[in-house]
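The listed protein sequences derive, respectively, from chains D and Z. full-length UniProt numbering applies: residue 1 is where the first sequence begins, and numbers increase by one. full-length UniProt numbering applies: residue 1 is where the second sequence begins, and numbers increase by one. Even for Gly, the Cβ is constructed at its ideal location relative to N, Cα and C. This structure is a prediction, so every number in the text was calculated from the model and none was measured.
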Amino acid sequence: MTSPSTPPPAGAGGPRPVLEAHGIRKRFPGVLALDGVSLRLFPGEVHALMGENGAGKSTLIKVLTGVHPADGGTVLVDGRPHAFTDPLQAQRAGISTVYQEVNLCPNLSVAENILIGREPRRFGLVRWSETRRRAAELLTELELGLDVTRPLGAHSLAVQQLVAIVRAVDVSAKVLVLDEPTSSLDREEVAQLFGLVRRLRDRGVAILFVTHFLDQVFDLCDRVTVLRGGRLEGEYPIAELTPVTLVQRMIGGELATLDQLSGRAHGQGAERAAGEPFLRARRLTRAGSIEPYDLDIHAGEVIGLAGLLGSGRTEAARLLFGADGADAGEVSIEGRRAPLRSPRHAIARGIAFCSENRKSEGLVGELTVRENIVLALQAARGWTRPLTRAKQDELARHWIEALDIRPADPEAQVRHLSGGNQQKVLLARWLLTEPRLLILDEPTRGIDIGAKAEIQKLVARLADEGTAVLFISAELEEVLRLSHRIAVLRDHRMVATLANDGTVTPERLLTTIATGTDS
Amino acid sequence: MTPQPATSGAAGGIGRRTAGHRLLWPALVLLALLLGNLAFHHDFFSVRVRDGHLYGSLVDILRFGAPLVLVALGMTLVIATRGIDLSVGSTVAIAGALACGHLAGAARPGSVAATLTAVGLALGVALVLGLANGLLVSGLGVQPIVATLILMVAGRGVAQLITDGQIVTVTSAPYKMIGGGYWLSLPFAVLLAAVLVALTSFVTRRSALGMLIESVGGNPTASRLVGIRAGGLLVLVYVFSALCAAVAGLMISSNVSSADGNNAGLWIELDAILAVVVGGTALTGGRFSLGGTVLGALVIQTLSTTVYTLGVPPETTLVFKAFVVIVVCLVQSPVFRAKAVRRRAATPRPPTTAGATPQEQEARA
Ligand SMILES: Nc1ncnc2c1ncn2[C@@H]1O[C@H](COP(=O)(O)OP(=O)(O)OP(=O)(O)O)[C@@H](O)[C@H]1O
Ligand SMILES: [Mg+2]
């Protein structure tokens with residue numbers, strides 16, 4: 001179990017933890033989310049908090065920072081007991097947090113979002129030019145050249161995530177808590193973020209880091225605390241673990257590997273791309289978001305979209321769903337012209353779109369898991385032809401089981417689910433409509449490795465059964481593993497389409513993404 | 001491996017428990033108000049039968065509360081879509097003015113046919129008004145508060161134009177039935193309101209209407225991406241709200257056998273909004289509770305009655321009402337309750353003064 005004898009990491013500021021929690025308990029109606037969890041954070045260390053979806057990671061962070069009151073246990077800051085009753089207190093005590101769901105104001109400018117609440121003032125009036133300058137300065141630390149006067153909502157989710165991090169870093173902190181900060185970032189941004197985290201660590205800041213990416217843990221972290229089902233599994237120096245043993249600690253068993261899947265897509269591309277495409281896009285474009293592009297998607301084919309952050313992957317996909325209107329170009333479905341003026345038109349033609357932004361564009365937080373799951377189907381039927389309650393229950397139960405959504409309670413409010421489980425609800429909603437073309441924008445975002453493998457298998461199986469899939473992911477491995485063909489985007493332009501015939505390596509894909517040409 | 005996975009029985013209870021919770025507070029508040037009245041008037045709860053009609057303070061609350069229940073019913077669905085309908089008071093006045101105006105000019109105002117035409121006229125015009133609101137909001141994307149403000153202001157003028165600035169009095173037995181009549185010894189208005197509430201509840205919950213409205217109000221962007229035709233739903237709720245207001249207007253004018261374009265339904269939109277909020281439907285849209293709204297409307301109506309039975313001086317009635325509403329809203333707020341409980345737990349000081357929660361202090365004051 002725990003190894004309390006673990007000495008603090010070498011080079012740490014002192015032997016005393018800057019933040020310490022003992023025996024934390026937290027109960028929500030029907031769920032004991034945390035049961036006697038302890039955690040120690042030393043100055044100058046990067047500490048990973050690991051566990052499956054719903055293990056209690058975010059809840060622990062929220063209890064530590066005063067979002068939720070604890071039902072039991074103690075929190076010590078610098079050795080003194082503290083019970084924060086709201087996040088602001090925690091911030092004042094030097095604990096700065098980026099929560100899992102980005103919580104900024106989309107209609108305020110980037111600069112305002114970064115400095116809100118502590119804008120530079122003179123005579124009580126905000127000094128706007130100074131605010132903008134400071135914000136821009138902070139952003140350059142992450143090598144982000146953003147226009148700080150634009151509203152935050154105009155930027156992609158990944159940029160919003162970075163802005164949230166910049167905001168947290170600016171508050172001079174002793175402890176920086178990052179709950180899945182890298183879930184929608186690309187390699188470049190991850191590397192920049194890690195550079196920043198290392199600089200902070202060297203300054204003596206303690207960093208608590210939640211992620212589902214094992215390589216990031218081994219790359220960055222000094223020690224790991226593992227949670228399993230709301231209980232503390234253990235605390236380990238990273239050197240004592242291998243990826244395999246870490247996963248075992250997290251799931252309490254062996255992970256069924258992905259090996260059967262890898263390389264499956266290779267070599268079938270030509271077969272699947274034969275014949276009339278299900279969807280054909282020609283010169284499709286929207287000013288300011290994506291240059292004209294051509295794309296054919298055949299039944300049974302998985303097309304991956306690869307590109308850097310802001311390269312126009314999501315924008316390209318949204319045109320195929322009618323989520324945004326195209327300015328020019330045409331789409332035909334099974335050979336017939338099909339103007340996709342709205343999502344309704346697209347849905348009626350068998351297209352489904354799983355947005356990357358599950359909170360603002362996907363789920364209705366107040367509704368139950370059942371209602372969210374049947375929503376797309378019900379919307380297609382219109383309100384006068386309701387699904388019977390029995391049918392709804394049956395669908396909800398089926399998909400909760402199929403995707404292992406936890407807690408397995410169809411009547412739980414979706415906003416109370418953990419991030420990964422929310423993502424699964426969103427997937428379930430669209431899968432049950434049995435679409436002909438499934439557009440998945442970052443479908444495995446925030447999903448633990450076990451469930452990620454399941455979802456990848458599911459995508460492969462759907463394609464085998466004849467569904468066309470458009471697959472967007474910042475994880476190149478995932479794109480390479482699943483796709484028959486990969487369309488590469490760069491600067492809002494589709495620059496290349498690669499047949500994934502086994503010759504495409506991550507390196508080759510990266511070069512194409514970076515240079516815009518397939519060498 | 002879920003943290004103590006809730007068994008399906010207990011889990012199913014979460015939703016139901018919170019549903020029960022939603023109605024708990026408005027019900028308790030209503031009960032408290034009624035008991036408060038009982039303390040001043042010992043016959044407050046007594047219900048007598050006179051001439052085969054039910055009489056009593058409780059019956060009066062229901063009877064006079066019926067129009068408010070209806071207006072709040074329509075308002076609930078509008079608010080659930082993140083909207084608001086400020087024009088209901090004007091619609092109440094217009095409906096009454098149209099109906100009474102028609103009857104006053106009719107050859108035989110006492111005939112059933114003339115009454116039905118009057119009712120049809122009022123409902124027809126209300127339908128058009130609701131349609132106008134709905135199209136402004138959904139078609140042109142005007143903010144609901146602005147879109148309905150137009151009719152709120154203009155509507156009063158229209159009502160006065162219809163009645164020529166006079167109070168139109170009518171004598172029509174069938175028309176009197178709507179708001180002042182009795183059926184099976186029960187006030188007809190109460191029966192009518194009950195039937196409409198039951199019908200609305202049945203339609204919203206048995207069809208998918210309720211869920212889709214909650215989805216549109218809860219997350220408009222997601223609702224569009226899921227393929228919900230929000231435009232149609234919005235028009236529907238504003239039309240429904242206007243129709244409810246029209247029926248309320250008929251009740252009010254029928255009860256006093258006259259139409260007053262100036263004062264009929266004055267400020268009823270505010271009472272209706274309060275009723276919806278007290279009933280547990282958030283102004284930010286999403287989940288709505290029709291049962292809660294009915295309780296909320298009865299709370300507001302009881303409050304108005306209380307003001308009279310307590311003999312609160314007229315110049316302070318509004319202040320009194322506002323005060324009670326604030327207390328009710330605070331008691332209902334989970335944040336406030338949590339704070340109060342936490343404060344109490346955190347400060348185990350002598351219970352004489354400091355130990356009291358703010359809400360108790362307010363209640364005592
Ligand atoms: N406000 C809440 N009300 C009820 N239950 C909640 C609430 N917040 C979290 N839970 C439950 O507590 C458990 C732990 O959730 P938590 O969000 O901490 O998981 P997590 O480890 O962060 O998972 P993920 O990797 O998916 O983000 C879950 O079962 C979740 O459903
Ligand atoms: Mg989480």
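A distance below 7 Å between beta-carbons, with the five flanking residues on each side excluded, links Thr91/Z to the following residues of its chain, in chain order: Ala126, Leu129, Gly155, Ala242, Ala245, Ala246, Gly249. By the neighbour-count criterion, in which 16 or more other beta carbons inside 10 Å mark a residue as buried, Arg80/D falls on the exposed side. Per DSSP, the beta bridge partners of Thr225/D are Leu49/D, Glu235/D. For the C-beta of Gln378/D, the chain Z residues within less than 8 Å are, from N- to C-terminus, Ala208, Met211, Leu212.
If you check the C-beta of Ser58/D against ligand 2, you find a heavy atom less than 7 Å away.
Chain Z has no Cβ within less than 8 Å of the Cβ of Trp399/D. Around the CB of Thr149/D, fewer than 16 other CB atoms lie within 10 Å, so the residue is classed as exposed. At a C-beta separation below 7 Å, Trp383/D has these neighbours in chain Z: Ser207, Ala208, Leu209, Leu212. For Ser38/D, the enclosing beta strand (DSSP E) begins and ends at 31 to 41. Taking 3 residues as the minimum length, the beta strand (DSSP E) runs contained wholly in the region 154 to 209 of chain Z are 167 to 169, in order along the chain. Shown here for Gly286/Z: same chain residues with a beta carbon closer than 7 Å to its own, the five before and five after excluded, namely Ala80, Glu214, Gly217, Gly218 in chain order. Counting only runs of 4 or more residues that sit fully inside the region 30 to 108 of chain Z, the alpha helix (DSSP H) segments are 57 to 80, 88 to 105, in chain order.
Those residues of the region 217 to 231 of chain Z placed with their C-beta closer than 8 Å to a C-beta in chain D are Gly218, Asn219, Thr221, Ala222, Ser223, Arg224, Leu225, Val226, Gly227, Ile228, Arg229, ordered along the chain. Judged by the Cβ position, Asp186/D fails to qualify as a neighbour of ligand 2 at the 7 Å threshold, every heavy atom of the ligand being at least this far. Under the Cβ distance rule, Ala338/D does not count among the residues neighbouring chain Z, no pair being separated by less than 8 Å. Near chain D, meaning a CB-to-CB distance below 7 Å, the residues of the region 279 to 309 of chain Z are Gly286, Arg287. Residues of chain Z whose Cβ lies closer than 7 Å to the Cβ of Gly362/D are, in chain order, Ala222. At least one C-beta of chain D is nearer than 8 Å to the C-beta of Ser215/Z.
When distances are taken from the beta-carbon of His47/D to the heavy atoms of ligand 1, even the shortest one reaches 7 Å or more. In this structure Ala323/D touches Pro343/D by the C-beta definition: roughly 6 Å separates them, less than 8 Å. Residues are counted here when their Cβ sits less than 7 Å from a Cβ of chain Z; for the region 346 to 361 of chain D these are Ile347, Phe353, Ser355, Ser360, Glu361, given in chain order. When Cβ-Cβ separations below 8 Å define contact, Pro343/D makes contact with chain Z.
Within the region 313 to 334 of chain D, the residues whose Cβ lies closer than 7 Å to some Cβ of chain Z are Ala323, listed in chain order. Comparing alpha carbon positions, the residue from Gly120/Z, Ile94/Z, Ala193/Z closest to Ala66/Z is Ala193/Z. In the three-state reduction of the DSSP assignment, Ile207/D falls in the strand class. Using a CB distance cut-off of 8 Å, Pro386/D counts as an interface residue toward chain Z.
At least one CB of chain Z lies nearer than 8 Å to the CB of Leu375/D. Ala72/Z and Gly279/Z have their C-alpha atoms roughly 10 Å apart.
Under the 8 Å criterion on CB atoms, Glu371/D is classed as interfacial with respect to chain Z. In this model, Ile290/D and Leu318/Z are separated by some 58 Å (Cα to Cα).
It is roughly 21 Å from the alpha-carbon of Val153/Z to the alpha-carbon of Gly101/Z. Around the CB of Ser473/D, 16 or more other CB atoms lie within 10 Å, so the residue is classed as buried. Chain Z places no beta carbon closer than 8 Å to that of Leu185/D, leaving this residue out of the contacts. The shortest CA-to-CA distance from Ile268/Z to any of Leu86/Z, Gly292/Z, Arg224/Z is the one to Leu86/Z. Gln161/D sits in a helix when the DSSP states are folded into three classes. Leu367/D belongs to the set of residues whose beta carbon lies under 8 Å from a beta carbon in chain Z.
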